[in-house]
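Everything on this sheet refers to the single structure shown next.
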Amino acid sequence: MRILVTGGAGYIGSVITEELVARGHDVAVFDNLAKGHRDAVVEGAAFLQGDVLDGEALRGAFRTYGVEAVVHMAADSLVGESVGNPGKYYRSNVVGGLTLLDAMRDAGVGRIVFSSTAAVYGEPNKQPIEEDDPLAPTNPYGETKLAFERALAWYERAHGLSHVSLRYFNAAGATDRCGERHDPETHLVPLVLRAALGEAGEVVIFGDDYPTKDGTCVRDYIHVRDLAHAHVLAIEAIGAGRAKSRVYNLGCGGRGYTVREVIDAARDVTGRPIPARVGPRRAGDPAVLVASSTRIERELGFRPRHQDLAEIIGSAFDWMLARRRRGGARPAA
Ligand code: UFG
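Sequential numbering from 487 applies to the sequence shown in this note's numbering.
Here's what the structure looks like:
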């Protein structure tokens with residue numbers, strides 16, 4: 487299939503592009519490089535620098551590449567930032583998303599896989615979370631992702647769009663060539679590994695008074711390679727007409743880990759001390775977020791292949807070390 491990946495130069499998008507190319511699809515990446523990296527785009531994929539707010543550029547890309555389906559990753563995705571700057575999130579995630587959908591409609595592109603998030607559930611009242619549980623986002627990030635999910639359903643009704651939304655839990659890990667390079671970095675796994683390498687100060691654990699086994703928050707960490715594989719299954723299913731207009735959670739086998747367990751696992755994997763101290767809670771952090779992934783397992787045959795936390799963390803560490811050896815910028819680049 488000829489697939490356009492918006493945001494395909496970012497952390498998760500670059501791994502999805504890698505997987506799609508490996509499966510024999512023709513992929514074009516469309517990314518404004520505001521946060522992505524040109525060198526993260528695998529050889530074999532075309533690259534077009536552009537913004538999803540630019541409908542003309544999108545229509546041009548659809549024409550040039552004869553696009554049949556879209557994987558939509560381009561977005562702003564920091565919870566804390568979204569609370570302070572909601573306009574930015576409505577613009578990128580809603581206005582940008584609608585610009586994309588209108589360009590798809592104009593070009594007759596009728597299939598999309600959308601990168602959604604566990605943040606659409608807000609503070610869930612039960613675990614593991616199922617897709618039909620209440621949707622009550624507590625920040626503009628989750629709110630704007632949900633708004634786009636809902637727009638997809640209306641575009642389906644009006645224009646026959648086929649869509650799959652994948653609600654990610656906590657992506658982590660790396661492939662040989664693609665890993666996490668955010669600036670600033672806010673995610674736990676890369677911060678812990680930078681601390682192990684002496685490139686960041688001590689890890690601050692955001693609260694240890696949650697109702698969990700050791701008092702720290704529980705999250706469902708899924709290997710980015712598994713996450714990418716789920717996109718391949720989803721796009722191939724809608725391409726073949728086997729899936730239409732579905733929403734799936736994407737977690738790692740229904741099990742979560744506390745912040746302390748992640749730090750301990752990273753100490754084991756790296757063999758290095760990782761200084762950590764407890765700080766105050768971070769606003770907006772739910773105590774536990776664990777996915778029920780049974781729907782995607784049942785309907786698309788998805789099974790995570792890398793469920794071991796040490797393996798997930800180890801892959802991210804190997805990528806960081808390799809990057810250092812190559813003399814690339816430090817992970818903060
Ligand atoms: N944490 C710390 N210290 C840090 C960083 C994180 O203790 O320095 C904790 C957080 O409080 C949280 C856990 O580690 O309990 C994981 O935090 P991340 O920032 O790595 O990830 P989040 O769970 O906050 O965010 C993820 C996705 C978001 C999504 C959100 C759903 O990255 O896109 O889940 O709530 F919105």
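Glycine included, every Cβ here is placed at the ideal spot set by N, Cα and C.
Kindly give me the distance between the Cβ atoms of A633 and V557, rounded to whole angstroms, as I take these residues to be in contact under 8 Å.
As a first step, residue 633 is located in the sequence shown; it is residue number 147 there, counting from the start. As a first step, residue 557 is located in the sequence shown; it is residue number 71 there, counting from the start. A633 to V557, Cβ: 19 Å. No contact.
Do you know offhand how far G582's Cα is from R758's?
Taking the sequence shown and counting its residues from 1, the one referred to as residue 582 is at position 96. Taking the sequence shown and counting its residues from 1, the one referred to as residue 758 is at position 272. Using only the alpha carbons, I get a separation of about 43 Å.
Rank L775, R741 and A752 by C-alpha distance to the C-alpha of V689 and give the top, closest one.
Looking up residue 689 in the sequence shown gives position 203. Considering only alpha carbons, the answer is A752.
Do you know offhand how far A514's Cα is from H523's?
The count along the sequence shown starts at 1 and reaches residue 514 at position 28. The count along the sequence shown starts at 1 and reaches residue 523 at position 37. Looking at the two C-alpha atoms, the distance is approximately 15 Å.
Which same chain residues end up closer than 6 Å to L719 when comparing Cβ atoms and leaving out the 5 residues on each side of it in sequence?
Position 233 of the sequence shown holds residue 719. Hits under 6 Å: L786 and F788.
Give the C-beta separation of H709 and H792 to the nearest angstrom, bearing in mind that I take them to be a contact with Cβ-Cβ under 8 Å.
Along the sequence shown, one-based indexing puts residue 709 at 223. Along the sequence shown, one-based indexing puts residue 792 at 306. So it is a contact: roughly 4 Å between Cβ atoms.
Does any heavy atom of the ligand UFG sit closer than 7 Å to the C-beta of I691?
On the sequence shown, residue 691 is found 205 positions in, with the first residue counted as 1. Yes, the Cβ of I691 comes within 7 Å of a heavy atom of the ligand UFG.
For the alpha helix (DSSP H) holding S568, just list the boundary residues, first then last.
Here the question's residue 568 lines up with position 82 in the sequence shown. V565 to G570 is the extent of the alpha helix (DSSP H) around S568.
Do Y696 and Y743 have their C-beta atoms closer together than 8 Å?
Locating residue 696 in the sequence shown gives position 210, counting from the first residue. Locating residue 743 in the sequence shown gives position 257, counting from the first residue. No. Outside cutoff.
Could you round the C-beta distance between N625 and V565 to whole angstroms and report it? I think they count as a contact, below 8 Å.
Residue mapping note: residue 625 aligns to position 139 of the sequence shown, counting from 1. Residue mapping note: residue 565 aligns to position 79 of the sequence shown, counting from 1. 5 Å between Cβ atoms; contact.
Just the Cα atoms here: how many angstroms apart are G800 and V675?
Taking the sequence shown and counting its residues from 1, the one referred to as residue 800 is at position 314. Taking the sequence shown and counting its residues from 1, the one referred to as residue 675 is at position 189. Approximately 10 Å, taken between the alpha carbons.
Output the boundary residues of the alpha helix (DSSP H) element that contains F634.
Here residue 634 refers to the residue found at position 148 of the sequence shown. P626 to H645 is the span of the alpha helix (DSSP H), which, as asked, contains F634.
Residues that R768 bridges to, as DSSP identifies them
Looking up residue 768 in the sequence shown gives position 282. DSSP, once it has assigned bridges, lists no residue as partnering R768.
Have a look at V606, E554 and P623 and flag the residue whose alpha-carbon is nearest the alpha-carbon of I598.
Here residue 598 corresponds to residue number 112 of the sequence shown, with the count starting at 1. Considering only alpha carbons, the answer is E554.
Euclidean distance between Cα positions of E783 and K730:
Position 297 of the sequence shown, counting from 1, holds the residue named residue 783. Position 244 of the sequence shown, counting from 1, holds the residue named residue 730. Each residue's Cα considered, the two are about 16 Å apart.
Does the ligand UFG have even one heavy atom less than 7 Å from the beta-carbon of H668?
Taking the first residue of the sequence shown as position 1, residue 668 is located at position 182. No, Cβ of H668 sits at least 7 Å from all heavy atoms of the ligand UFG.
Let me confirm a value: E617 is counted as buried when at least 16 other C-beta atoms fall within 10 Å, else exposed. Which label applies?
Here residue 617 is taken as the residue at index 131 of the sequence shown, counted from 1. Looking at its Cβ environment, which holds 16 or more other Cβ atoms inside 10 Å, E617 is buried.
Simplified DSSP state of R667, which is helix, strand or coil
In the sequence shown, the residue the question calls residue 667 occupies position 181. In the structure shown, R667 sits in coil (DSSP, three-state: anything other than H, G, I, E or B).
Please report the straight-line C-alpha distance between A526 and A495, rounded to a whole angstrom.
Reading the sequence shown from its first residue, position 40 is the one you call residue 526. Reading the sequence shown from its first residue, position 9 is the one you call residue 495. Cα to Cα, the separation comes out at about 6 Å.
Taking 7 Å as the cut-off, is the C-beta of R705 nearer than that to any heavy atom in the ligand UFG?
Residue 705 sits at position 219 when you count from the first residue of the sequence shown. The answer is yes for R705.
Could you check where the alpha helix (DSSP H) with V755 kicks off and where it finishes?
The residue given as residue 755 occupies position 269 in the sequence shown. Looking at the DSSP string, the run of the alpha helix (DSSP H) that includes V755 is V745 to T756.
Check each candidate in C703, R636, L807 and G510 and name the one with the smallest Cα separation from E666.
For this step, residue 666 is matched to residue 180 along the sequence shown. The residue with the shortest Cα to Cα distance from E666 is L807.
Output the distance between the C-alpha atoms of D771 and R549, rounded to the nearest integer angstrom.
Taking the sequence shown and counting its residues from 1, the one referred to as residue 771 is at position 285. Taking the sequence shown and counting its residues from 1, the one referred to as residue 549 is at position 63. Their Cα atoms are separated by approximately 43 Å.
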